[in-house]
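Protein sequence lines, in the order shown, are assigned to chains A and B. Mapping the first sequence onto this note's numbering, position 355 (from 1) lands on 355, and the numbers just tick up by one. Mapping the second sequence onto this note's numbering, position 15 (from 1) lands on 384, and the numbers just tick up by one. Glycine included, C-beta positions come from ideal geometry on N, C-alpha and C. Below: one structure, written as structure tokens.
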Amino acid sequence: MVEMEKQVVAPLDENKPRRTPNFKWSNILRGDNRALWTILALVIILIVDRMVSPSFFTVRMVNGRLTGSLINTLDGAAPIILLSIGMTLVIATKGVDLSVGAVMAICGAVAAVLINRHEAGSDNILYYPGFVIAIAILAGAACGLWNGILVALFDIQPIIATLILMVAGRGIAQMITDGQSPTFSNETLAFMGQGTIFGMPFPVYVALIALVGVFLLVRRTALGLLIESVGINSKASRYTGVNAASIKLFVYIISGICAAIAGLIVAGENTYADPHTAGMWSELDAIVAVVIGGTLLSGGRFNLVLSVVGTLIIQSLRIGLYISDLHPNANLVVKAIVILLVLLLQSKEFKQAIGRLFKPLLKLRAVFR
Amino acid sequence: MKSRFFPLLVTFLVFIAIYAYCYSHFSSFGSMRVVCNLLRDNAHLGIAAIGMTFVIISGGIDLSVGSVIAFTGVFCALMITREGMDPRLAFAIVLGMGTIFGAVMGVFIYYLKIPAFIVTLSGMFLARGMAYVLTTESIRITDPLYIRVSKLVYIFPDKGRFTFAAGAFLAVLVLGIYIAHFTRFGRNVYAMGGNETAALMMGVPVGRTTIMVYTLSSFLATFAGIVLSLSKRSGDSTITVGAEMDIIAAVVIGGTLLTGGVGYVIGTFIGVLLPGVIRTYLTLDGSLSPWWIKIVIGVLLFGFIAMQKLLSTRPRLFSFRRQVRPTNVSTA
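Now the structure itself:
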């Protein structure tokens with residue numbers, strides 16, 4: 001009787017109009033339970049932060065500017081969020097971009113040097129703030145193009161192709177600034193890092209716009225699918241008619257542009273461009289954020305929103321450590337341990353091993369039942 | 370000539386060409402003083418790079434070496450000056466710690482299938498963080514053993530000082546060549562880097578070899594830290610930041626393929642010395658800006674990779690007889 005009912009029900013399901021939407025809101029957090037673990041990790045870290053500093057969630061308006069640890073977290077995370085957006089796409093194609101920190105330094109240096117010519121009274125229209133920002137972003141795109149050409153056309157391993165610019169990039173940035181760290185007083189450029197709109201720091205808006213823009217670009221079009229297919233099997237997707245080379249070129253250029261904007265934000269925040277330390281190690285932070293967000297380094301499925309969550313994990317950890325009484329130098333140790341813990345939570349092999357460990361306990365429970 | 374020797378040959382030729390160019394400008398490049406200084410200044414990078422060569426030949430990567438070097442220096446300095454520990458005991462302890470550190474990273478990489486890049490990156494943060502936790506100030510070491518080691522030099526007729534560090538570098542180099550080509554472990558590393566599945570099917574203990582490769586790398590990085598500590602006679606947690614990237618670049622310039630399976634320890638030796646020669650040239654010249662070193666290394670990297678690419682895609686270009694592409698497994 002029961003089986004008959006099932007048979008009746010099944011065709012009814014078939015008759016339902018079957019929709020094949022190419023965009024679902026649930027897709028934002030798609031994936032297996034990696035999404036759950038990542039968000040859980042963020043929640044736990046935020047709770048720990050709240051325990052460390054009772055005023056962590058307090059947000060106040062001071063002089064038309066929102067202040068508080070939470071706002072600081074978002075503000076400080078903005079450059080890394082930008083990097084991680086570009087990095088996610090690159091990693092999804094089975095690549096990696098080690099040069100983003102150096103690209104940040106280059107673009108900050110370009111902007112600072114050009115804007116100083118404007119400040120010095122040059123009438124050249126190219127030195128106007130708007131053009132300077134555009135030129136800096138173009139410089140980032142050019143760096144991305146260079147990486148993309150090496151990876152897509154010369155078929156060089158991404159890690160080594162981008163290592164070239166990582167090593168040489170800082171040298172180039174120092175050459176642009178002539179070994180100095182030029183300061184500037186231009187308000188437009190400073191606004192990139194320090195400005196506020198409706199009390200919220202400007203970098204947060206930039207990061208948000210970049211996230212929404214890139215998200216819509218890759219998920220409302222077939223681009224995301226193509227990126228994933230290139231990451232899973234570059235050769236096979238080429239045989240099925242996907243222009244794998246141009247997809248790779250595209251993701252590295254996006255990564256370069258994201259790095260350029262991040263470099264402008266950092267330069268604007270400091271009102272000087274430091275070619276030595278700007279963006280130092282931020283490529284590693286971005287890669288860690290993407291991996292914590294569940295995008296595999298072996299390419300394929302990616303999730304931009306979770307990469308941003310990964311960035312927020314790193315940043316809220318950093319802010320939490322700053323305000324805690326903990327030894328300030330223990331920062332890196334805690335960071336390493338948290339990264340490993342999150343990775344362990346996501347590792348299938350680790351969960352299986354833990355499962356095996358608890359098997360005797362389960363048997364014990366069966367005995368007592 | 371076998372085309373897999375070609376990158377090595379080019380590395381040698383480029384090195385000789387650059388050295389000859391430097392010699393034509395500054396005759397002091399012909400003296401033992403410059404040679405000895407080159408060996409001494411690059412000893413710690415070179416020792417760690419030899420460990421890195423094995424990691425890269427096996428198809429992996431180790432980003433933690435720079436931090437391990439720094440941690441070793443700080444740990445030794447602290448134990449010897451603050452705790453009054455015997456240096457030899459401190460060295461033994463820190464070598465043990467380094468070995469375990471590498472083994473644990475290997476276990477994470479092999480058994481938990483977390484990418485080597487991420488595991489060793491965490492290792493880099495951890496080691497650097499531990500060094501910062503120990504101390505952030507530079508500590509001088511005045512132990513008698515350190516003084517004795519610093520007096521352990523062979524002085525050439527032209528005042529070239531062949532120091533302990535240079536000797537250690539050359540010793541590790543010989544040891545590295547021996548391990549790579551005359552031991553079962555070395556052959557396993559090459560086989561694994563060539564094709565892990567095939568290696569497994571041939572009976573190569575892939576798990577054990579993976580763990581041993583990272584153990585060796587961390588061990589050598591720790592040893593490099595001790596050598597640096599002995600020659601600098603101090604411990605500082607902020608040294609060798611970013612050294613891992615210089616080391617990886619040196620290994621690649623030395624002709625080792627990052628895809629694994631191909632590479633020579635002697636190539637790494639040249640790859641380490643090449644930037645050192647350029648640095649010496651810039652120092653002697655004085656008028657060139659220091660950032661040129663980074664750009665030149667980038668250009669060298671690009672040149673060598675482009676050349677390797679050319680070789681691997683068109684292997685027949687450089688050999689006169691038509692031949693089957695040489696396998697990745699070394700038979701030397």
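Look at S603 of chain B here: in three-state DSSP terms it is strand.
Taking C-beta separations shorter than 8 angstroms and ignoring five residues to either side along the sequence, the partners of I319 of chain A in its chain run D49, S69, N72, T73, G76, following chain order. For R220 of chain A, there is no enclosing beta strand (DSSP E), as DSSP marks it with neither H nor E. With respect to the 8 angstroms criterion, A485 of chain B and G435 of chain B are not classified as neighbours on the basis of their beta carbons. For M166 of chain A, the C-beta contacts it makes with chain B under 9 angstroms involve M614, G667, in order along the chain. Residue-level contact check: A336 of chain A touches chain B, since one or more beta carbons of chain B fall below 8 angstroms from its beta carbon. The stretch 494-511 of chain B makes contact with the stretch 315-334 of chain A, as at least three CB pairs between them are under 8 angstroms. Shown here, R530 of chain B sits in a strand according to DSSP, grouped into three states. E187 of chain A is classed as exposed because its beta carbon has fewer than 16 other beta carbons within 10 Å across all chains shown. Residue contact with chain B for R170 of chain A: present (Cβ-Cβ distance below 8 angstroms to some residue of chain B). Within the stretch 610-639 of chain B, those residues whose Cβ lies closer than 7 angstroms to any Cβ of chain A are, in chain order, M614, I617, A618, V621, L627, T628.
Sequence-ordered contacts of the stretch 468-495 of chain B with chain A read Y480, L481, K482, I483, P484, F486, I487, L490, S491, F494, L495 [C-beta pairs closer than 7 angstroms]. Going by DSSP, R553 of chain B is part of the alpha helix (DSSP H) stretching over 553-563.
Residues of the stretch 319-332 of chain A with a C-beta less than 7 angstroms from any C-beta of chain B: H327, N329, A330, N331, L332, listed in chain order. About 16 angstroms separates the CB atoms of S427 of chain B and G636 of chain B; that is not less than 8 angstroms, and the two are not in contact. Among the CB atoms of chain B, none fall inside 8 angstroms of the CB of V100 of chain A. Under the three-state reduction of DSSP output, L66 of chain A falls in the strand class. The continuous alpha helix (DSSP H) containing A417 of chain B extends over residues 412-426. Contiguous alpha helix (DSSP H) elements confined to the stretch 579-640 of chain B occur at 612-622, taking only those with 4 or more residues. Among the residues of chain B, none has a CB under 9 angstroms from the CB of G293 of chain A; the nearest is roughly 12 angstroms distant. Within 10 angstroms of the beta-carbon of G465 of chain B lie fewer than 16 other beta-carbons, which makes it exposed. Proximity to G415 of chain B across B:V443, B:I438, B:H394, B:V476 peaks at B:I438, based on C-alpha coordinates. A Cβ-Cβ separation of about 12 angstroms leaves I516 of chain B out of contact with I449 of chain B under the 8 angstroms criterion. Following the DSSP letters along the chain, one finds E269 of chain A inside the alpha helix (DSSP H) bounded by residues 244-270. CA-CA distance, I580 of chain B to L544 of chain B, rounds to 19 angstroms. For the 8 angstroms CB-CB criterion, P79 of chain A and I265 of chain A form a contact.
Counting C-beta pairs with one atom in each stretch, the stretch 287-302 of chain A and the stretch 171-184 of chain A have fewer than three that are closer than 8 angstroms, which means they do not touch.
Interface with chain A (8 angstroms Cβ-Cβ cutoff): F444 of chain B is excluded. In the three-state reduction of the DSSP assignment, P275 of chain A falls in the coil class, being assigned neither a helical nor a strand state. V522 of chain B and F531 of chain B have their C-alpha atoms some 5 angstroms from each other.
Annotation: the continuous alpha helix (DSSP H) that includes T450 of chain B extends over 434-450. Judged by their CB atoms, S53 of chain A and I323 of chain A are nearer to each other than the 8 angstroms cut-off.
For G498 of chain B, the neighbours in chain A by C-beta distance under 8 angstroms run, in chain order, N329, A330, N331, L332, V333, V334, K335, A336. Under the Cβ criterion of 8 angstroms, V646 of chain B is not counted among the residues facing chain A. Contact between the stretch 152-169 of chain A and the stretch 94-101 of chain A is present: three or more C-beta pairs spanning the two stretches fall below 8 angstroms.
Contact annotation: the stretch 299-317 of chain A does not touch the stretch 133-146 of chain A, with fewer than three C-beta pairs closer than 8 angstroms.
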